[in-house]
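In this note's numbering, each number is its position in the sequence shown, counted from 1, plus 1.
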Amino acid sequence: MIDKLLENIQGASVEMDKDLSKFSTMRLQAKGDLVTVESVEALQEVQKRFYSESLDFIVIGMGANQLLKKESAIPYLMLKFPFDKKILESVHDTYTLPASVRLGTLTSHASKFGLKGWEVFTGVPASLGGAVFMNAGTGLGEIGELVSKVWTVKSNGELSEHTINNSSFSYRRNNFLERGEIIYQVEMKHNGLDKEVTEVIRNYLARRNATQPMKEKTCGCVFKNSEFKGQPCPAGKFVDILGIKGLQVGGIRVSETHGNFMENFDNASFDDVTALISIVQNEMKLQFGLDFELEVKAK
């Protein structure tokens with residue numbers, strides 16, 4: 002039992018068989034063991050003990066872009082590091098931030114002071130670490146463009162520092178983390194100041210609210226966009242062409258508002274979502290010959 006494995010680690014706590022439905026933005030039926038760490042030192046020790054027993058785990062942040070299982074045999078790990086918001090009271094050339102800080106907090110700072118570049122994660126319901134891990138983005142750009150350094154704890158508990166370059170990220174993924182390596186701190190940069198950033202953020206939020214089911218229980222975009230002969234193939238557009246908006250399995254349905262979103266309208270489960278995903282992927286392949294990879298993590 003992991004509660005015994007991880008006992009006596011200062012800054013780490015274990016909750017067994019915990020209801021995790023509120024730990025994902027889709028609010029799926031979910032239960033499992035949750036490990037919460039509140040310091041880098043605690044994270045190192047947790048990593049070492051998991052590593053010594055060859056145990057897997059799943060990192061969760063705000064639970065966007067993740068599907069949690071109804072009964073998970075693999076423990077979940079959450080970072081809950083302290084964050085001194087004084088750094089956001091003024092403008093800096095770079096910002097060294099804990100991985101657990103929410104992007105919404107950073108968007109508010111960008112809007113207040115006009116930080117160019119930080120508008121790219123407007124409306125993304127994620128923690129900084131999770132966003133960097135998958136190079137989250139919007140129609141305004143990707144977060145990887147604004148990252149200069151990343152600090153991590155490796156699977157064996159060792160600390161590591163990554164200096165970011167042009168090859169560190171690609172579409173919806175990072176290219177530098179090893180298996181089991183966890184981001185605990187990020188250095189962010191910006192592209193100067195521009196008072197128009199506030200208006201850009203306001204307008205983009207309004208557009209997202211009008212075109213995406215922001216008030217529903219979703220995981221964000223389900224599929225990565227594809228391409229054919231160098232031409233972009235937006236997943237939502239192709240779902241719309243298929244005419245399957247509103248299609249449902251159990252308590253989950255394809256959103257009527259945006260085809261690349263699925264809504265939990267009636268206590269949906271992991272199995273409901275993965276079944277609907279399979280149907281949509283198969284129809285995409287059958288009708289268009291296109292493979293749409295998952296953007297959401299389903300494990």
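Even glycine gets a Cβ: it sits at the ideal position worked out from N, Cα and C.
Please read these numbers as outputs of a predicted model, since none were measured by experiment.
Requested in this report: Measuring alpha carbon to alpha carbon, tell me which of GLY252, ILE278, VAL250, ARG209 ends up nearest VAL301.
Outcome: Nothing can be reported for residue 301: it is not among the residues displayed for the chain, which extend from 2 to 300.
Query raised in the report: Going along the chain, which unbroken runs of the beta strand (DSSP E) with 3 or more residues stay wholly within the region 244 to 282?
Result: Every beta strand (DSSP E) of 3 residues or more that sits fully in the region 244 to 282 is shown, in chain order, as 253 to 255, 263 to 265.
Requested in this report: Could you have a look at ALA299 and say whether DSSP puts it in helix, strand or coil?
Outcome: Looking at ALA299 - three-state DSSP - the assignment turns out to be strand.
Requested in this report: Please state whether DSSP places TYR172 in a helix, a strand or coil.
Outcome: DSSP places TYR172 in the coil class of the three-state scheme, outside both helix and strand.
Report task. Would you kindly work out how many angstroms separate the C-alpha atoms of VAL201 and VAL47, rounded to a whole number? Result -> Looking at the two C-alpha atoms, the distance is approximately 42 Å.
Requested in this report: Identify every run of the beta strand (DSSP E) within the region 40 to 65, keeping only runs that are complete inside it and at least 3 residues long; order them along the chain.
Outcome: Counting only runs of 3 or more, we get 59 to 61.
Report task. Determine the closest residue to ILE10 out of SER25, LYS49, ASP34, LEU21, with distance taken between C-alpha atoms. Result -> The shortest C-alpha separation from ILE10 is found at LYS49.
Query raised in the report: Tell me which same chain residues have a C-beta within less than 8 Å of the C-beta of LYS117, skipping the five on either side of it?
Result: Excluding sequence positions up to five before and after LYS117, its CB lies within less than 8 Å of the CB of HIS191, ASN192, GLY193, LEU194, ASP195, VAL198, all in the same chain and listed in chain order.
Report task. Confirm, please, whether the CB-CB distance from VAL223 to LEU141 is below 9 Å. Result -> No, they are not a contact pair.
Query raised in the report: So what does DSSP say about ARG103, is it helix, strand or coil?
Result: Of the three classes helix, strand and coil, the one that applies to ARG103 here is strand, per DSSP.
Query raised in the report: Any idea if THR95 is buried or exposed, counting beta-carbon neighbours within 10 angstroms, 16 or more meaning buried?
Result: THR95 comes out exposed.
Query raised in the report: If you compare alpha carbons, which of VAL121, THR212, GLY252 is closest to GLY138?
Result: Closest option to GLY138, Cα to Cα, is VAL121.
Query - Cut-off 6 Å between Cβ atoms - residues of its own chain near GLU8, not counting five sequence neighbours on either side - result: For GLU8, where only same-chain residues beyond five positions count, there are no Cβ hits under 6 Å.
Query - Runs of alpha helix (DSSP H) lying entirely within the region 61 to 139, each at least 4 residues, in chain order - result: Within the region 61 to 139, the complete alpha helix (DSSP H) runs of at least 4 residues are 104 to 114, 129 to 134.
Query raised in the report: Using the C-alpha atoms, what's the distance from SER91 back to GLN67?
Result: Roughly 33 Å between the two C-alpha positions.
Query - Reduced DSSP category for MET2 - H, G, I as helix; E, B as strand; rest coil - result: Assignment of MET2 by DSSP, reduced to helix, strand and coil, places it in the coil class.
Query - For PHE84, the nearest candidate out of GLU72, ILE75, LEU98, LEU78 (CA to CA) - result: Comparing Cα-Cα distances from PHE84 to each of GLU72, ILE75, LEU98, LEU78, the minimum goes to LEU98.
Requested in this report: Starting from the Cα of ALA111, find the closest Cα among ALA74, ILE3, ARG203, ALA211 and give me that residue.
Outcome: The residue with the shortest Cα to Cα distance from ALA111 is ARG203.
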